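See below for the structure under consideration.
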Amino acid sequence: MFYYSQLAAGDDVMGPKYVIGQRVIIQPVSEGVSPREDDIKRYAGQVGEVADFYWISPRTGQVFYIYNVRVDDERKEVVVHEDEIEACLA
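The opening position of the sequence shown corresponds to residue 32 in my numbering, with each subsequent residue numbered one higher.
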């Protein structure tokens, strides 16, 4: 796992979709039955704030962002993939 700032200047990679401090809504996309997915479903529809993010690159040219989202009511940080959150426009 790496911080976004560790990407090399010549890397042809899109930056993160969300930034630290941005308010987002947790929207789980899968119907799986893993403990991780069950944990995220508890926060579905809740608004939170991006506390930090990281990227992983399993293969050259592939980059996936992972976000720590601080949920409003409990101030608990939930780890979500980029496709499990959307920007909060309100």
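The beta-carbon is built from N, C-alpha and C at its ideal position, and this holds for glycine as well.
Every value quoted in this text rests on a predicted model; they were computed, and no experiment measured them.
Whose CA, out of D83, V81, R90, V60, lies closest to the CA of K72?
-> Checking every option, the nearest Cα to that of K72 belongs to V60.
Look at the Cβ atom of P47, then the Cβ atom of F84, and state whether they are nearer than 7 Å.
-> For the 7 Å CB-CB criterion, P47 and F84 form a contact.
Give the range of the beta strand (DSSP E) segment to which I116 is assigned.
-> That run of the beta strand (DSSP E) goes 116-118.
Would a C-beta distance cut-off of 7 Å place E105 and N99 closer than the cut-off?
-> no
E115 classed as buried or exposed, judged by whether at least 16 other C-beta atoms fall within 10 angstroms | buried
Throw me the rounded Cβ distance for the Y74 and I57 pair, which I believe falls under 8 Å.
-> The Cβ separation is near 5 Å, so the contact holds.
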